[in-house]
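Its first residue numbered 1, the sequence shown is counted upward by one per residue in UniProt numbering.
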Amino acid sequence: MQPISIVIGEMIKRLLLCIALITTVVTSAQKNPLLSHSFWEGKPSVADVQKQVERGADATAFDARMFDATTLAILNEAPYETIVYLLSLKGNGVEKRTHDKRTYLFWAAHSDNVPIVRYLLDKGAKTDVRDSRGQTPLIFAAARGNVNPELYDLLLKHGASIKETNNQGANALLLLAPHFKNIEETRYFTKKGLSLKSVDKDGNNAIFYAATLGNKAMMEAFAKKKVKAKALNDKGENLFFAAARGGRSKRNGLDIFQYIEALGVDPSQKSKEGVTPLLIVAERSRDVEVIRFFIEKGNDVNQRDSAGDTPLIKAAERNVLPVVTLLAEKVSDINAQNKAGQSALTQAVATNRADVVRLLLQKGADAKIKDLKGNTLAYYLLRNFNTHNSKDFNEKWRLLSEAGMDWTQPQGDGSTLYHLAIETGDADVFAKVAELPIDINAKNAEGLTALHKAAMRAKDLYLIKELLNKGANPAITTDLGETAYDLARENEALKDVDVNFLK
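Structure follows, in structure tokens:
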């Protein structure tokens with residue numbers, strides 16, 4: 001068996017290599033105007049692009065998210081001639097894979113750019129390829145909401161099938177259901193062989209899909225065509241569940257839920273796994289009236305899902321203060337924990353704002369609560385630290401201190417706050433921890449002190465020297481007999497730094 005330092009050292013090397021590659025790509029993107037949305041928003045001509053290429057810009061390079069110049073040109077509706085010029089360059093072949101493993105045909109179909117779709121197809125672009133999410137160009141176009149028959153005619157003529165589905169088993173008609181303006185727009189797809197009564201793998205019908213974006217007109221239109229509004233899918237969910245989940249950036253308002261109730265659908269339905277619409281909107285909706293609607297319609301505020309989460313636990317993770325307040329006033333146990341031992345306060349400390357933490361503490365949330373692994377709230381606070389939330393971090397620290405938090409208590413794996421502070425890499429967090437009466441030389445379950453951890457993870461010597469100044473003992477060895485000096489020598493980030501002071 002290899003020493004832990006060697007194993008971890010190899011992991012760190014790989015991580016640093018990935019960071020270096022990403023940094024190189026990002027730096028390249030910053031210097032390459034062809035990878036800038038602002039450049040393409042100006043609808044540049046072929047001459048404009050050629051000028052940038054002559055200045056050294058790479059017209060085939062990717063940015064950090066695997067978008068290239070051609071993709072950005074298509075997405076920003078650059079002139080036809082400009083896109084064709086980019087496609088003519090070596091390295092921009094029609095089957096080139098970009099973000100999410102999509103070829104240019106995906107982006108052109110997504111943008112409903114029929115001339116470029118035609119050009120790509122004439123150049124041999126394949127219609128049966130799938131991206132990393134299991135979508136074909138036809139399905140990707142439908143998911144975008146494109147209803148243009150000319151676009152689909154082109155794709156079908158070149159080998160696409162109207163029967164194609166995504167990984168969830170949804171065909172083009174289902175994916176377009178939230179976007180149709182009227183039933184007439186569905187006729188192209190039904191004439192091609194799709195049924196208004198199509199369902200996906202989970203049994204969700206067209207009304208379910210229309211409900212995700214709150215498309216009342218199409219819900220009503222589908223209902224008139226005998227698509228069942230009161231149907232249950234294979235998970236035992238009704239129309240309220242689809243509306244509760246909404247779309248990627250769409251949260252339905254109270255009017256949609258009232259409309260669905262008027263269709264005769266039960267707002268207190270439970271799925272086969274015990275999920276209620278309230279459990280979904282508690283996480284998704286920031287509208288207090290929507291939350292109140294489901295409570296008043298009989299959704300149990302103490303109901304748990306398969307992970308043991310209650311509506312309050314879900315809301316506490318990222319939802320707004322008014323929603324958390326309403327739920328906190330209704331629950332029977334403010335300290336209810338999910339199957340991982342996390343309470344609403346745990347989630348709020350980890351990822352929500354300090355005002356939510358304050359509210360929960362005022363309602364009686366226990367600041368001394370631990371999860372099933374024995375981790376305290378200190379673990380969740382420090383593990384989720386980043387420099388952008390330092391103000392909230394400090395306020396949460398203050399609130400928890402006032403509530404009786406024991407910062408000196410080790411975590412489930414024996415780690416102290418010194419270990420966790422090293423993971424943040426932040427000098428201010430370390431200084432805060434250094435004020436506490438914690439054994440700086442304590443080992444965790446892996447046999448590592450905070451100094452050992454710093455020697456393996458540090459990108460510079462600052463925290464290593466701070467630990468030494470506070471009394472860390474460099475002579476202590478790991479369970480495998482390695483010193484901090486040994487570990488620091490294996491740290492790729494410190495390879496050009498003198499670490500002899502650790503001897």
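Ideal Cβ positions, reconstructed from N, Cα and C, are used throughout, including at glycine.
Where does residue i fall in DSSP's three states?
i: D63; result: coil
i: D479; result: coil
i: D255; result: helix
i: K314; result: helix
i: D48; result: helix
i: D100; result: helix
i: D68; result: strand
i: V114; result: helix
i: L196; result: coil
i: T82; result: helix
i: residue 531; result: The structure shown does not extend to residue 531, since the chain spans only 1 to 503, so no value can be given for it.
i: P474; result: coil
i: P322; result: helix
i: P149; result: helix
i: E490; result: coil
i: S36; result: coil
i: I369; result: coil
i: Q303; result: coil
i: residue 521; result: This structure cannot speak to residue 521, because the chain is shown only from 1 to 503.
i: D122; result: helix
i: V499; result: coil
How many angstroms separate the CA atom of residue i from the CA atom of residue j?
i: L173; j: S195; result: 8 Å
i: T98; j: W107; result: 10 Å
i: L480; j: N205; result: 60 Å
i: E492; j: G425; result: 16 Å
i: M66; j: Y104; result: 12 Å
i: V265; j: V331; result: 26 Å
i: G145; j: L87; result: 26 Å
i: E164; j: T60; result: 31 Å
i: L213; j: L372; result: 38 Å
i: L89; j: G42; result: 21 Å
i: H37; j: I83; result: 15 Å
i: L279; j: N215; result: 22 Å
i: K230; j: N113; result: 38 Å
i: V7; j: A243; result: Confidence at V7 is low in this model, with a pLDDT of 43, below 50, so its placement is unreliable and the value that follows should be read with caution. Each residue's Cα considered, the two are about 48 Å apart.
i: K96; j: K272; result: 43 Å
i: I438; j: L381; result: 17 Å
i: L494; j: N166; result: 47 Å
i: K181; j: M219; result: 11 Å
i: E261; j: A354; result: 36 Å
i: I19; j: L34; result: A caution first: I19 carries a pLDDT of 48, below 50, which makes its placement in the model unreliable, though a value can still be read off. Roughly 23 Å between the two C-alpha positions.
i: A160; j: L417; result: 57 Å
i: P44; j: A78; result: 7 Å
i: K126; j: A177; result: 26 Å
i: S132; j: Q168; result: 14 Å
i: L327; j: K51; result: 59 Å
i: D122; j: I116; result: 10 Å
i: T310; j: F294; result: 14 Å
i: K201; j: A431; result: 54 Å
Less than 8 Å between C-beta atoms, sequence neighbours within five positions excluded: which residues of the same chain meet that for residue i?
i: G274; result: Q303, R304, D305 and S306
Tell me which same chain residues have a C-beta within less than 6 Å of the C-beta of residue i, skipping the five on either side of it?
i: L502; result: P474, A484, Y485 and A488
i: S198; result: N171, L173 and L174
i: L72; result: W40
i: V320; result: R286
i: G341; result: D371 and L372
i: D339; result: In the sequence as presented, Asp is not what sits at residue 339; that position holds Lys. Once the five neighbours on either side are set aside, the close Cβ partners of K339 are A307 and G308.
i: K270; result: T276
i: G203; result: N233 and D234
Leaving out the 5 sequence neighbours to the left and right, which residues in its chain are closer than 7 Å to residue i when beta-carbon positions are compared?
i: R318; result: T351 and N352
i: L467; result: I440, A450, L451 and A454
i: I22; result: Low per-residue confidence applies at I22: pLDDT is 47, beneath 50, and the placement is therefore not dependable enough to give any value.
i: K314; result: L279, A282 and E283
i: S28; result: Below a pLDDT of 50, predicted positions are generally treated as unreliable, and S28, at 48, falls in that range; the measurement from the model is reported next regardless. Here the set comprises A61.
i: E150; result: V114
i: L75; result: W107 and S111
i: E185; result: V147
i: Y119; result: V84
Can you list the beta strand (DSSP E) stretches of 3 or more residues lying completely in the segment 384 to 445, in chain order? none
Would the segment 332 to 347 and the segment 363 to 379 be scored as touching if the rule is three or more Cβ pairs under 8 Å? yes
Contact between the segment 231 to 244 and the segment 183 to 193: three or more CB pairs below 8 Å? no
What beta strand (DSSP E) runs, 3 residues minimum, are completely inside the segment 212 to 272? none
Between the segment 407 to 416 and the segment 383 to 393, do three or more beta carbon pairs fall short of 8 Å? no
Whole alpha helix (DSSP H) runs in the segment 269 to 295 with 4 or more residues, listed along the chain? 277 to 284
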